[in-house]
Each structure stands twice: as structure tokens, then as C-alpha cells.
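The listed protein sequences correspond, in order, to chains A and B. Heads up: the first sequence is residues 784 to 1119, going by the numbering used here. Heads up: the second sequence is residues 784 to 1119, going by the numbering used here. All remarks here apply to the structure that follows.
Number of protein chains: 2
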Amino acid sequence: MTIYDISKKAGVSIATVSRVLNGSENVRPSTRKKVMDVIDKYDYTPNAFARGMGLHSLKTIGILCADSSDLFLAKAVYFLEQELQANGYESLLCCTGYNPDIKKNYLNLILSKKVDSIILVGSHFIGFNEDENQYIKDVSTQVPIMLLNASFDHPNVYSTLCDDYGTMFEAATEMIQSGITDILYLYDSKSYSGLKKLHGFCDAMKEYNIPGFEKLIHFYDGNIEHLNEVADFVARIATKGTSFHGIMTSDDSLAIGSIKYAQKKGIRIPEELSVMGYNNSMLTNCCTPELTSVDNRLETLTHQLVQTLLGVLAGEEMPKKSIFSGKIIKRGTTLF
Amino acid sequence: MTIYDISKKAGVSIATVSRVLNGSENVRPSTRKKVMDVIDKYDYTPNAFARGMGLHSLKTIGILCADSSDLFLAKAVYFLEQELQANGYESLLCCTGYNPDIKKNYLNLILSKKVDSIILVGSHFIGFNEDENQYIKDVSTQVPIMLLNASFDHPNVYSTLCDDYGTMFEAATEMIQSGITDILYLYDSKSYSGLKKLHGFCDAMKEYNIPGFEKLIHFYDGNIEHLNEVADFVARIATKGTSFHGIMTSDDSLAIGSIKYAQKKGIRIPEELSVMGYNNSMLTNCCTPELTSVDNRLETLTHQLVQTLLGVLAGEEMPKKSIFSGKIIKRGTTLF
DNA sequence: CTGAAAGCGCTAACAA
DNA sequence: TTGTTAGCGCTTTCAG
């Protein structure tokens, strides 16, 4: 069924059908009805490709994320889709995995679908030297690029993020003030936001002149979904003689793994060990006691991102960077 | 940058550029190189829409799921994307929510993008009367429809699923044989697979002539991510005087909520109460003791689905229905 | 208010 | 091996 079929059946020209389809004012109501009836009768949907060949917007936003099964990313994607849909935009999701080359390919691929903008979800898309980010610069000449929880300073690139540095700084400060200074810091990602968190932690430790805190910083290289492996990882660190009475992590999963470690060893939480997660995911209340965690206001972030995006697409001047503070959600695994 | 620009700069016709682009054999290597150099130099990507206007496949599969932040669905989508990508297909994801009308609209929308097939993830897309499924029949005339964890008998519709009925029957049988007959059954979805599980449970109870088991079947209407509310829900049931020594659920979240209930009440698991989840998600080892759950072999299902799909697209005769058995993963919340 | 006709960028016959 | 050309289905001037 094409616009030609419809025009023939309705006894009008394709231009008129096109006008009806696009809600043009310049159609006599009776003509409009005649056309609409045919359209409804045959359940006709215009071909998006032929449509896309024209110049204008297809009202579609490309969303790229590394892994849609990651709890945090999945939620982010979910909120973005909802928000975009509420504003009349469709979204097109691609999961790129963590390989940089593949990421770049996907970016071009999604661009070729004539999206109005591309949202990069998570900070895995930002590298640490100019070269790595060239591909973003290239694409930004064509459509606005929106970064969720990452930051990159470049024309036509807009960042919306949680201040992971400051929030982690604050969280660490709170733990230190509760009397715990030997804090194990576990992280699983060296992405932009992963390192921000790490620096926030380090700076808080430095602020309080805690000696040798660097030795308690450990990078976990495995799959964070395998909680028992995380527990073993913590056990191995403990076995090496390092003692700690607090654990802070870059992700809730690592914290849950830490709790499992404590339970296996009969260490009481929070009396003997304080644990704090990050992301405030649904995992926080799966365990006992429930996990204190940092909420990075994901829903606020996604909302703001879409608002900024809509503004940019409407040609308004919008903030290049929107930063929110996270907040600590106190539950049962910490003393404060 | 269009194919015309490239052809001009390379000093060939657009047909030759097109051939190079599409990997045709009939191009002299030197010509190919000449064209490729120009393409690379200008970082040219062909316009997918103009391309899509042709008749042939765009090597794109549409994936529809109700909610991409649901643990089970997110994993399914993830596996599907990986599998499709490995076979040279792109995927286009839409999250429809649970509203039937919106689902239908999305189906048409995704179809208009000239996808080669549509995968419906989860059984929420199948209704229980003919009318509700008319929209699937309609679309199935245009492209093959693949169902993941749902079943619908219709030409050009292929189902790949876990035998939730049989698996739940088996699981319930196992619990009964471990000596527990007063089993609380919690479920949160009345979808195709949700009801299959329920029936499997009921039939096992009937098989063993357990009287009054129906009174212990409860539908949970809230958000299953809110584990504490699930716990309260179970507590309310217990307060009403119904006693039970086993809990089986249609989803791990409900089981975790049940464990929270037990912990709050000081009920020991599994000594005083056996709990069994479903889906074998990452939640199963967040809690203590770890949750016995049913693995529905999601990765196997997605793999099989994509294999079937590839066969169908290649014009081969493929099974209309592929059914796998789930398996019980025994952990610490049950006696057996 | 409506219709005719010129593209949009590409693919795929068909010719050469 | 390469070029020419007719569509693909739609939007959008431009006439009427």
C-alpha cells in the first residue's frame, strides 16, 4: 500500500494525501475525511524510508549504550525512552559493547538512519585523549550529541551528569567522620565517571590525612554480576593481611559481593564493617542489612537531558553542561 | 556527501560506487581502490533511507519488549542483540510499555522501518482471545514474527520458549516431595507464560491431592522492584491466618521479597520456610541464603530463536515452535 | 484548496 | 568491467 494507492482510492492526488498525512491546514475538511477513511480502511502507514529521504526531521533519537543488561544503563535507557516518547520522539537503541572500534562503527551506523540527535549513555564513550574522542567530534558536526553521565567539552556536545566526584567525596567524608578510616575502595570501571568517583574518594582521604589509603584501592576486573566471585576477591585482599573496617564501591554489585564476603567470614555489618554502594539500584534492598548507597538521581538526569535536547533541537540556547549532586541514601550497612 | 559526489571525485559512475559499496565482484581492483580511497577520505556513509527504498533487506531486525529495565527482558534483549550482530544483523529496539494499543502502534511503526523480521520479547504480546492477537496476524503477512517465551499458532509466526508449565510442575513436585505441601504461590503477571507457570503449579498440587491449595495462590499487583512492599504483602497474607511452609513465585523478585518477610519475622530459611524463585536472575545470589530458582535457559532460547530466524529469512523450512525445558538450580532456600 | 512534477540518494536491470 | 537510466514512496515547490 503506497500513497499512490491511497490517492487513487480516495480520488485525489498524492499531494493531497501527503497533506492529510502531515496535518496540513490547506485541505478542505470533507477532502480530509475522504482520505482519512481510505487510510483507516487499509491501515496504511507511510513508508518511513521514502519519508526520510526528504530533508526534515524524522523525530527519532539514537541511543547508544554499552550494555543494555547493566542495571544502571538499562534504567537509564528506560527513562530516556519514556521521556522521549512523551515528547513525540521515537528512539533507536544500539548496544555497542565495550570495544572502541565497534562503538565508532555504531555511531556512524545510527547516524545514517537520520536521527535528529544521538544520546551516549554512560561514560564509556569518552576517552582520555583527544584521539579517542575524535569520532565524537566528527559526528557532532552533523547532529547534537548528548552525553549522559559523562562530560566532554566540544561544540554541539551537551553533557548531563551527576557530580560523581563531589558525591563520592562527600560519601567518603561521611564514612571517615563516622570513625572509619581504613576503607577498602573497590571499583570496576576506569571510565570517565569511574575515575571521578575514585578521585573523589582519594581527595577525601587526603583531606583527612589518612596515611596509606592508596594500598586499599583495588580494581576488580571480573564480571560484577558474579557476586560470589566478588566476595572471593575481597576475601583474597583480606587474606593478604590488609585490614579494613569500611568498604566503598563504585557500584552496588561490588558492595553486595562485599557483604557476601562478610557473611561468609562471620563479620558483622555494620558493627565490624561498614559497606557503601553506588547507584542506589534495586540490589540495595535485596541484602540484609539493606545497603547504604549513593543515588545519582538518574531520573532527574534523564529528564534534564531530554529537556536540553528538545531545546537544542528547537534552536534555543541551552546549557552545555548540567551537573547534579548525588545524594547518600542511608540504610543498614553503615553506622551513620 | 552523496553517491554522486563520490562518483564525481573518483571519476566513475554512481553504479560503480554502488557496486563497491555493496561488495560486488564485478569491479576491477584498481577501480575499487580508487573509489574506496575517496570514500575513506570523505568518511562517506551511504544514506540508509535511500537504500531502504529499494526492495531488498536492510539486514535489520526489530525487537519489541515491554520494559527494557526488567531484569529478564533486559537480558533477553542483550543476548538477542549480540546474537544478531554476530550474524550481520542490526537491531532496532522499541520498549512499548504494557498498554495494548501502544504495543500495536509500535508494531506498525517498527514495521515501517523495513525490518526483515520482528521479535516480540516476552509473553505480554500475546492475548487470550483472537481479537487481541489480530494485530500480530496482520503484521505476520509482511514479515516473519518471532516470539520469545510465548507461543502463538499462526502462519509466519515462530515461537521459541521455555516450557514454563512443565518446569513449574516439576519444581512444585520437588517441593512437595521434600515434605512441604502448604505452599504459598505468588505471581505478578497474567501473561501467557505467567499463567503457564500458575497452571503447572496447580496441576502438581492436584496430582498430589493437596486440599485447599487454591487459597494460597496470590496475585501481586505492585511493582516487583519494591522488595519491601512485596515483604509487606506476604506479611499481610500470613497475618490473615493462612499458614505456609513453602513459597513459590513466578519471579525472583517476589521470592526475594518473601525472604525479606521471613527475615523480618525471624522465620528461618530453609528450616521453617522453603522459598523458590523463577528466572535464575542475578538476584538469586544477592540474598542469604542464596535463592533456589528456575533457570529458563534464556541464552539457549535466544540462540535458538536467532537460528530459526536466520533459517526463515534464508527461505528454509524451520520449526514453528521450539520448546526447551527449564532446570531447577538448587541453592540455600530449599531443603531439597 | 488541489494537482502536476521535480527531486531526495540509492539499487538494479539493461546496454555497451 | 563499466555506464545509463528507470524506479522506490514521499515531500514540496509551483501552477492553477
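Ideal Cβ positions, reconstructed from N, Cα and C, are used throughout, including at glycine. All figures in this text were calculated on a predicted structure; none of them were measured in a lab.
Query raised in the report: Terminal residues of the continuous beta strand (DSSP E) containing LEU903(B)?
Result: Per DSSP, LEU903(B) belongs to the beta strand (DSSP E) from 900-904.
Query - Nearest to HIS1086(B) (by Cα), restricted to the options ASN932(B), PHE908(B), ASN912(B) and TYR827(B) - result: Comparing alpha-carbon positions, the option among ASN932(B), PHE908(B), ASN912(B) and TYR827(B) lying closest to HIS1086(B) turns out to be ASN932(B).
Requested in this report: Going by CA-CA distance only, name the one from ILE822(A), ASN830(A) and VAL1095(A) that's closest to LEU894(B).
Outcome: When each option's Cα is compared against that of LEU894(B), the closest is ASN830(A).
Query raised in the report: Residues of chain B with CB under 7 Å from ILE1039(A), in chain order?
Result: Those are CYS1069, listed as they occur along chain B.
Query raised in the report: How long is the line joining the alpha carbons of ALA849(A) and PHE1107(B), rounded to whole angstroms?
Result: Rounded to whole angstroms, ALA849(A) to PHE1107(B) spans 30 Å at the Cα level.
Query raised in the report: So who's on the other strand from THR943(A), going by DSSP bridges?
Result: In the DSSP assignment, THR943(A) is bridged to LEU931(A) and SER1105(A).
Query raised in the report: Could you give the distance in angstroms between the alpha-carbon of GLU1100(A) and the alpha-carbon of ASN939(A)?
Result: In this structure, the straight-line span from the alpha carbon of GLU1100(A) to that of ASN939(A) is close to 11 Å.
**Report entry** Where LYS896(A) meets chain B, residues with beta-carbon distance less than 7 Å
**Finding:** For LYS896(A), the C-beta contacts it makes with chain B under 7 Å involve ALA831, in order along the chain.
**Report entry** CA-to-CA distance, LEU930(B) to LYS979(B), given in whole angstroms
**Finding:** Approximately 16 Å, taken between the alpha carbons.
Query raised in the report: Helix, strand or coil for GLU1054(A) per DSSP?
Result: Collapsing the DSSP output to three states places GLU1054(A) in coil.
Query - Bounding residues of the alpha helix (DSSP H) (the contiguous stretch that carries ASP986(B)) - result: Note, ASP986(B): alpha helix (DSSP H), 975-990.
Query raised in the report: Do SER1057(A) and ILE963(A) come within 8 Å of each other at the CB atom, strictly closer than that value?
Result: SER1057(A) sits close to ILE963(A), with the two beta carbons spaced by under 8 Å.
Report task. Name the two residues that bound the continuous beta strand (DSSP E) containing TYR970(B). Result -> Note, TYR970(B): beta strand (DSSP E), 966-970.
Query raised in the report: Do you know whose CA, among CYS1070(B), THR814(B) and VAL1017(B), lies nearest ASN1011(A)'s CA?
Result: Comparing C-alpha distances from ASN1011(A) to each of CYS1070(B), THR814(B) and VAL1017(B) shows the shortest one belongs to CYS1070(B).
Report task. Count the other C-beta atoms from every protein chain shown that fall within 10 angstroms of the C-beta of ASP820(A), then say buried if there are 16 or more, exposed otherwise. Result -> So ASP820(A) ends up on the exposed side.
Query raised in the report: Can you tell me whether ARG1114(B) is buried or exposed, with buried defined as 16 or more other CB within 10 angstroms of its CB?
Result: Per the 10 Å Cβ criterion, buried.
**Report entry** Test: LEU876(B) CB closer than 8 Å to a CB of chain A
**Finding:** At a cut-off of 8 Å between beta carbons, LEU876(B) contacts chain A.
Query raised in the report: Within 8 Å (strictly less), CB to CB, does SER851(B) reach chain A?
Result: Answer yes: the Cβ-Cβ gap between SER851(B) and chain A drops below 8 Å somewhere.
Query raised in the report: Are there 16 or more other CB atoms within 10 angstroms of the CB of GLY1098(A), so buried, or fewer, so exposed?
Result: Taking a 10 Å sphere around the C-beta of GLY1098(A), we find fewer than 16 other C-beta atoms and assign the residue as exposed.
Report task. Anything in chain A within Cβ reach of GLN1046(B), meaning under 9 Å, just list it in chain order. Result -> Here the neighbours are THR1071.
**Report entry** Three-state secondary structure (DSSP) of ASP1078(A)
**Finding:** Note: ASP1078(A) maps to strand in three-state DSSP.
Query raised in the report: For PHE1119(B), which residues of its own chain have a beta-carbon under 6 Å away from its beta-carbon, when the five flanking residues on both sides are left out?
Result: Closer than 6 Å at the Cβ level, and outside the excluded window around PHE1119(B), lie GLU957 and SER961.
Query - Length of the line joining the Cα atoms of GLN1090(B) and SER1105(B) - result: Their Cα atoms are separated by approximately 11 Å.
Report task. Would you give the residue range spanned by the alpha helix (DSSP H) that MET819(A) belongs to? Result -> It spans 812-825 - the alpha helix (DSSP H) in which MET819(A) sits, taken as one unbroken run.
Requested in this report: Using a Cβ cut-off of 8 Å (strictly closer), state whether MET836(B) contacts chain A.
Outcome: So, interface residue.
Query raised in the report: Whose Cβ in chain A lies nearer than 9 Å to the Cβ of LEU737(B)?
Result: Since the first residue of chain B shown is 784 and the last is 1119, residue 737(B) is not available in this structure.
Requested in this report: Classify LEU847(B) as helix, strand or coil using the three-state DSSP reduction.
Outcome: DSSP places LEU847(B) in the strand class (E or B) of the three-state scheme.
Report task. Check whether the Cβ of THR799(A) lies closer than 7 Å to any heavy atom of the ligand ZN, and answer yes or no. Result -> Looking at this structure, you won't find the ligand ZN or any other ligand, since it has none at all.
Report task. Check distances from the C-beta atoms of the segment 925-945 of chain A to those of chain B and list, in chain order, the residues that come in under 8 Å. Result -> Along the segment 925-945 of chain A, there is no position whose C-beta sits under 8 Å from a C-beta of chain B.
Query raised in the report: For LYS858(B), which residues in chain A fall below 7 Å Cβ to Cβ?
Result: Under the 7 Å cutoff, chain A gives SER852.
Query raised in the report: Does any residue of chain A bring its CB to less than 8 Å from the CB of TYR861(B)?
Result: Chain A, which has a Cβ nearer than 8 Å to the Cβ of TYR861(B), makes this yes.
Requested in this report: Would you please verify whether the beta carbon of MET784(A) is less than 8 Å from any beta carbon of chain B?
Outcome: Not flagged as an interface residue toward chain B: MET784(A), since no C-beta distance is shorter than 8 Å.
Query raised in the report: The beta strand (DSSP E) with GLU873(A) in it runs from where to where?
Result: Element bounds for GLU873(A): 873-878.
Report task. For chain A, find out if any of its Cβ atoms is closer than 8 Å to the Cβ of ASN1011(B); answer yes or no. Result -> It does: the Cβ of ASN1011(B) has a partner Cβ on chain A nearer than 8 Å.
Requested in this report: Check the Cβ of ASN891(B) against every Cβ in chain A and list those closer than 7 Å, keeping chain order.
Outcome: Neighbours of ASN891(B) on chain A, chain order: THR828.
Query raised in the report: HIS1001(A) bridges to which residues according to DSSP?
Result: Answer is LEU969(A).
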